[in-house]
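In what follows, a structure is listed as structure tokens, so that the remarks can point back to it.
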Amino acid sequence: MNPPDASPEKWNLRLYTAGQSPKSLAALANLKRVCDEHLAGRYSIEVVDLLKNPRLAKEDEIIAIPTLVRKLPEPLRRLVGDLSDTERTLVGLQLRPRK
Amino acid sequence: MSGSGNANAVSSGSRHAVPSMPPLTIDLAVVTMKMERPAQAHSLPKAATGIHGLDEITGGGLPRGRPTLVCGGPGCGKTLLATEFLVRGATEFGEPGVFISFEETADELAQNVRSLGFDLEALVAEKKLAIDHVRVERAEIEETGEYDLEALFLRLGFAVDSVGAKRIVLDTIESLFSGFTNEALLRSELRRLFRWLKDRGLSAVITGERGERSYTRQGLEEYVSDCVILLDHRVSEQVSTRRLRIVKYRGTTHGTNEYPFLIDEEGFSVLPLSGLKLDHSVTNERVSTGVPGLDAMLDGKGYYRGSSILVSGTAGTGKTSFAAHFAQETARRGERCLYLAFEESPAQLIRNMQSIGVDLAPYVKKRTLQLESSRPTLHGLEMHLVQIHKTVARFEPAAVIIDPISNFIDTSTAIEAQAMLLRLIDFLKSRQITALFTHLTTGGRETEATDVGVSSLIDTWLLVRGIETGAQRTRVLYVLKSRGMPHSNQIRELDVTSRGIQLKPMKARKK
Numbered sequence: 001m002n003p004p005d006a007s008p009e010k011w012n013l014r015l016y017t018a019g020q021s022p023k024s025l026a027a028l029a030n031l032k033r034v035c036d037e038h039l040a041g042r043y044s045i046e047v048v049d050l051l052k053n054p055r056l057a058k059e060d061e062i063i064a065i066p067t068l069v070r071k072l073p074e075p076l077r078r079l080v081g082d083l084s085d086t087e088r089t090l091v092g093l094q095l096r097p098r099k
Numbered sequence: 100m101s102g103s104g105n106a107n108a109v110s111s112g113s114r115h116a117v118p119s120m121p122p123l124t125i126d127l128a129v130v131t132m133k134m135e136r137p138a139q140a141h142s143l144p145k146a147a148t149g150i151h152g153l154d155e156i157t158g159g160g161l162p163r164g165r166p167t168l169v170c171g172g173p174g175c176g177k178t179l180l181a182t183e184f185l186v187r188g189a190t191e192f193g194e195p196g197v198f199i200s201f202e203e204t205a206d207e208l209a210q211n212v213r214s215l216g217f218d219l220e221a222l223v224a225e226k227k228l229a230i231d232h233v234r235v236e237r238a239e240i241e242e243t244g245e246y247d248l249e250a251l252f253l254r255l256g257f258a259v260d261s262v263g264a265k266r267i268v269l270d271t272i273e274s275l276f277s278g279f280t281n282e283a284l285l286r287s288e289l290r291r292l293f294r295w296l297k298d299r300g301l302s303a304v305i306t307g308e309r310g311e312r313s314y315t316r317q318g319l320e321e322y323v324s325d326c327v328i329l330l331d332h333r334v335s336e337q338v339s340t341r342r343l344r345i346v347k348y349r350g351t352t353h354g355t356n357e358y359p360f361l362i363d364e365e366g367f368s369v370l371p372l373s374g375l376k377l378d379h380s381v382t383n384e385r386v387s388t389g390v391p392g393l394d395a396m397l398d399g400k401g402y403y404r405g406s407s408i409l410v411s412g413t414a415g416t417g418k419t420s421f422a423a424h425f426a427q428e429t430a431r432r433g434e435r436c437l438y439l440a441f442e443e444s445p446a447q448l449i450r451n452m453q454s455i456g457v458d459l460a461p462y463v464k465k466r467t468l469q470l471e472s473s474r475p476t477l478h479g480l481e482m483h484l485v486q487i488h489k490t491v492a493r494f495e496p497a498a499v500i501i502d503p504i505s506n507f508i509d510t511s512t513a514i515e516a517q518a519m520l521l522r523l524i525d526f527l528k529s530r531q532i533t534a535l536f537t538h539l540t541t542g543g544r545e546t547e548a549t550d551v552g553v554s555s556l557i558d559t560w561l562l563v564r565g566i567e568t569g570a571q572r573t574r575v576l577y578v579l580k581s582r583g584m585p586h587s588n589q590i591r592e593l594d595v596t597s598r599g600i601q602l603k604p605m606k607a608r609k610k
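Protein sequence lines correspond, in order, to chains S and Y. Mapping of the first sequence onto this note's numbering: position 43 corresponds to residue 43, and the numbering continues sequentially without gaps. Mapping of the second sequence onto this note's numbering: position 313 corresponds to residue 412, and the numbering continues sequentially without gaps.
Given below as structure tokens:
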């Protein structure tokens, strides 16, 4: 398990939303906050709107909205929800060890 | 063969005879079953399943544009029923479908049904079917706040639009409960899902695993109020039987019985006790019994076409000989005859019958006669019935002989055998197929009571028995009943000779 901020690797995150729903907007805001705090300068966020691209829901195996997928670093991680629970978000992203 | 003069004499004699009615063993079970025939519904629009028998008991299929819940234990055939609903829809009714699988991948699914002759991959390639495997694994999902299942809806919508689906299967949606922890949310999303399916006008099949106290573990029946079908797989006396019951079908009169069904190389088949009413068209046409002396006893003309005939008697009284005569006679007229032998192999039967001058071999060669042997114990009762149905549908015989039906009784409880025979007789009658059954009565038993209690279903009942006259045992035959004809009430002496069965009046034998 990597200790927080110890690895210089690039983080590649993808957030799946469905339009501009309150939950999607909240998730994006929460994600940016977490990233700025823990991954400043070494992350990229791609927002995929499944309303515009429904095909990707199947291809990327998405069920819930919003879903955050950590594509890099590996392994792939999935988080569902608006990321309002910061503790679980950090654990899910493996930025903090599970208690 | 015995002379025609003799035949005339007998028939003129019988004209004076009052047709005797044997004491009927009226069987309540049979009567009840007949009254429970499902009525044809002209209520809700239906989506035909194309599944043998299921459309009959549902009055045309599943509710169109509405969800149906199919539930049952593991391995009961839920997925298969659902798959067949889609495949038949796509191939027979021009309704493309979507399969949303929460358990198996598209490959696994295709593999599982390939043995049933369904080629899912081809249907997908032809854009008649879309398969989406929705993988739900809790270990992979971290819940960090509020969410909904909008992505699932988008996937469904995308799949539906991609083929223009009219039908959809969700198998098994309860898997969602293992992936997500927020049950309240899941329930409200399920409610939204079922509304969505209805808004889209999709005829849907939702499968659910049987719960302990409810039809499904998660109480899906709460959401699906239109139609609930329960599947069951049980084993009794080493014979496994699958059964289907329609628990609920809003707005439709439906059969409430448990219907046996089976899954074989042609898919799913449900056996309605009889999907038919007692309104078979009847004919006045008569067919020869193949035994002139017997024709004479039956008003000089033989059996009615499409009637059911029972030849019962103790062992070694010539029941099979009567069956063989009839088979030969049918084939000789150029009509097809299906002979199901449960005690002898075809070769043995042919050899034995040749010894009494009945040569079946040429007709077997010409394919007007089909001999099939098997032991009923090998399969469950239903399996047998379905096989008979299928053979009959394929071969289209004018006559079917089952020799003997007693063997069916050994493999099942009497009630089951009776229900089965009822179904079979109904089925054959509906096709105007003359059916001849032999039945072995055990010595000492009341000869006029058949074990199966099918007497009320039988139109012509012949009884053969051995009697001791002086120093010898003589076989005799009489007509216990024969509906709709003045038949002889004489007892005839029966000789099985190298030229076939000969019937003689008892008096003629007096020394």
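All C-beta atoms, glycine included, are put in the ideal place defined by N, C-alpha and C.
key: Cβ pair residue 177(Y), residue 186(Y) closer than 8 Å   = Residue mapping note: residue 177(Y) aligns to position 78 of the second sequence, counting from 1. Residue mapping note: residue 186(Y) aligns to position 87 of the second sequence, counting from 1. Contact flag unset, no.
ask   = DSSP beta-bridge partners for residue 471(Y)?
value = Here residue 471(Y) is taken as the residue at index 372 of the second sequence, counted from 1. Beta bridge pairing from DSSP links residue 471(Y) with 439(Y).
request  = Using a cut-off of 8 Å between C-beta atoms, extract the partners of residue 365(Y) located in chain S.
outcome  = Here residue 365(Y) refers to the residue found at position 266 of the second sequence. Residues of chain S passing the Cβ test: none, with the nearest at roughly 32 Å.
Residue-level contact to chain S via CB, residue 240(Y), 8 Å cutoff = Taking the first residue of the second sequence as position 1, residue 240(Y) is located at position 141. Yes, because at least one Cβ of chain S sits closer than 8 Å to the Cβ of residue 240(Y).
Length of the line joining the Cα atoms of residue 137(Y) and residue 519(Y) = Working through the second sequence from its first residue, we reach residue 137(Y) at position 38. Working through the second sequence from its first residue, we reach residue 519(Y) at position 420. Reliability of the predicted coordinates at residue 137(Y) is poor, the pLDDT of 44 falling under 50, and the value obtained from them is presented with this limitation in mind. Taking the straight line joining both Cα atoms gives about 17 Å.
query = Closest to residue 529(Y) by CA distance: which of 381(Y), 158(Y), 247(Y) is it?
reply = One-based indexing of the second sequence puts residue 529(Y) at position 430. Closest option to residue 529(Y), Cα to Cα, is 381(Y).
message = Using beta carbons (cut-off 8 Å, strictly below), is residue 13(S) in contact with chain Y?
response = In the first sequence, residue 13(S) corresponds to position 13, counting from 1. Chain Y contact via Cβ: absent.
task = Could you name each continuous alpha helix (DSSP H) segment of 4 residues or more that falls completely within the region 335 to 418 of chain Y, going from the start of the chain to the end?
result = Segments of the alpha helix (DSSP H) lying fully in the region 335 to 418 of chain Y: 391 to 396.
request  = Measure from the C-beta of residue 62(S) to each C-beta in chain Y and report whether the shortest distance is under 8 Å.
outcome  = As a working mapping, residue 62(S) is identified with position 62 in the first sequence. Output row for residue 62(S): interface = yes.
request  = Taking residue 84(S) as the query, report the chain Y residues whose CB atoms sit under 9 Å from its CB, ordered along the chain.
outcome  = Looking up residue 84(S) in the first sequence gives position 84. Going along chain Y in sequence order, the residues near residue 84(S) (Cβ under 9 Å) are 243, 244, 245.
Inter-residue Cα distance where the pair is residue 325(Y) and residue 348(Y) = Residue mapping note: residue 325(Y) aligns to position 226 of the second sequence, counting from 1. Residue mapping note: residue 348(Y) aligns to position 249 of the second sequence, counting from 1. Computed Cα separation, rounded: 6 Å.
task = Answer yes or no: do residue 345(Y) and residue 258(Y) have a C-beta to C-beta separation smaller than 8 Å?
result = Numbered from 1 along the second sequence, position 246 holds the residue referred to as residue 345(Y). Numbered from 1 along the second sequence, position 159 holds the residue referred to as residue 258(Y). Contact: no.
message = Going by beta-carbon coordinates alone, are residue 284(Y) and residue 63(S) separated by less than 8 Å?
response = Indexing the second sequence from 1 puts residue 284(Y) at position 185. Indexing the first sequence from 1 puts residue 63(S) at position 63. Contact flag unset, no.
message = Let me check understanding here. Comparing Cα to Cα, which of 274(Y), 294(Y), 448(Y) lies closest to residue 315(Y)?
response = Taking the first residue of the second sequence as position 1, residue 315(Y) is located at position 216. It is 274(Y) whose Cα lies nearest to the Cα of residue 315(Y).
request  = State whether the region 239 to 249 of chain Y contacts the region 73 to 87 of chain S, with contact taken as three or more CB pairs (one from each stretch) at a distance under 8 Å.
outcome  = When Cβ pairs closer than 8 Å are counted between the two stretches, the region 239 to 249 of chain Y is seen to touch the region 73 to 87 of chain S, the count reaching three or more.
query = Interface residues of chain Y around residue 16(S) at Cβ under 8 Å?
reply = Within the first sequence, numbered from 1, the residue matching residue 16(S) stands at position 16. Among the residues of chain Y, those whose CB is under 8 Å from the CB of residue 16(S) are 250, following chain order.
task = For chain S, find out if any of its Cβ atoms is closer than 8 Å to the Cβ of residue 263(Y); answer yes or no.
result = In the second sequence, counting from the first residue as 1, residue 263(Y) sits at position 164. Interface with chain S (8 Å Cβ-Cβ cutoff): residue 263(Y) is excluded.
key: contact_flag[the region 219 to 232 of chain Y, the region 286 to 304 of chain Y] where n(CB pairs < 8 Å) is 3 or more   = Contact check between the region 219 to 232 of chain Y and the region 286 to 304 of chain Y: fewer than three CB pairs, one atom from each, fall below 8 Å, which does not count as touching.
ask   = From the beta carbon of residue 470(Y), is the nearest beta carbon of chain S less than 8 Å away?
value = Walking along the second sequence from the start, residue 470(Y) turns up at place 371. Not one chain S Cβ lies under 8 Å of residue 470(Y).
key: Which listed residue (334(Y), 220(Y), 213(Y), 454(Y)) has its alpha carbon closest to that of residue 363(Y)   = Numbered from its first residue, the second sequence carries residue 363(Y) at position 264. The candidate whose alpha carbon is nearest that of residue 363(Y) is 213(Y).
message = Out of 263(Y), 521(Y), 320(Y), which one is the CA nearest neighbour of residue 299(Y)?
response = As a working note, residue 299(Y) is residue 200 in the second sequence. Nearest of 263(Y), 521(Y), 320(Y) to residue 299(Y), Cα basis: 263(Y).
ask   = Is the shortest distance between the beta-carbon of residue 127(Y) and the beta-carbons of chain S less than 8 Å?
value = Here residue 127(Y) refers to the residue found at position 28 when the second sequence is read from its first residue. The pLDDT assigned to residue 127(Y) is 40, lower than 50, so where the model puts this residue is not dependable; a value taken from the coordinates is nonetheless given after this. No - not a single Cβ of chain S is within 8 Å of the one on residue 127(Y).
query = Quick one: which chain Y residues come within Cβ less than 7 Å of residue 65(S)?
reply = Looking up residue 65(S) in the first sequence gives position 65. Those are 246, 247, 249, 250, listed as they occur along chain Y.
inquiry  = Against chain S, does residue 269(Y) count as a neighbour if the rule is that its beta carbon must be under 8 Å from one of theirs?
reply    = By 1-based counting over the second sequence, the position of residue 269(Y) is 170. So, not an interface residue.
task = Starting from residue 81(S), find everything on chain Y with Cβ-Cβ shorter than 7 Å and list it in chain order.
result = Here residue 81(S) corresponds to residue number 81 of the first sequence, with the count starting at 1. Correct list: 242, 243, 244, 245, 246.
key: Residue(s) in a DSSP beta bridge with residue 14(S)   = Against the first sequence, residue 14(S) aligns to sequence position 14. As a beta-bridge residue in DSSP terms, residue 14(S) pairs with 46(S), 69(S).
query = Exposed or buried, which one is residue 290(Y) when buried takes at least 16 other CB atoms within 10 Å?
reply = The residue labelled residue 290(Y) in the question sits at position 191 within the second sequence. Here residue 290(Y) is exposed: its Cβ has fewer than 16 other Cβ atoms, across all protein chains shown, within 10 Å.
inquiry  = Considering only DSSP beta bridges, list what residue 77(S) is partnered with.
reply    = As a working mapping, residue 77(S) is identified with position 77 in the first sequence. Bridge partners of residue 77(S): 70(S).
ask   = Under three-state DSSP, which class holds residue 298(Y)?
value = Taking the first residue of the second sequence as 1, we reach residue 298(Y) at position 199. Helix at residue 298(Y).
task = Would you please verify whether the beta carbon of residue 2(S) is less than 8 Å from any beta carbon of chain Y?
result = Mapped onto the first sequence, residue 2(S) falls at position 2. Because residue 2(S) sits at a pLDDT of 49, beneath the cut-off of 50, its placement in the model cannot be relied upon, and the point is left open.
task = Give me whichever residues DSSP pairs with residue 536(Y) in a beta bridge.
result = Along the second sequence, read from residue 1 onward, the residue named residue 536(Y) stands at position 437. According to DSSP, residue pairing for residue 536(Y) in a beta bridge involves 409(Y), 501(Y).
message = Any beta carbon of chain Y sitting closer than 8 Å to that of residue 97(S)?
response = Here residue 97(S) is taken as the residue at index 97 of the first sequence, counted from 1. Taking CB atoms only, residue 97(S) has no neighbour in chain Y less than 8 Å away.
task = Spell out the partners DSSP gives residue 577(Y) in its beta bridges.
result = Here residue 577(Y) refers to the residue found at position 478 of the second sequence. BP columns for residue 577(Y) point to 562(Y).
Spatial neighbours of residue 204(Y) in its chain, beta-carbon cut-off 7 Å, leaving aside the 5 residues before and after = Numbered from its first residue, the second sequence carries residue 204(Y) at position 105. 232, listed in sequence order.
key: Residues that residue 233(Y) contacts on chain S, provided the C-beta gap is smaller than 8 Å   = If you number the second sequence from 1, residue 233(Y) lands on position 134. Near residue 233(Y) (Cβ distances below 8 Å), the residues of chain S are 61, 63.
request  = Quick one: grab the DSSP three-state call for residue 326(Y).
outcome  = If you number the second sequence from 1, residue 326(Y) lands on position 227. It is a strand residue.
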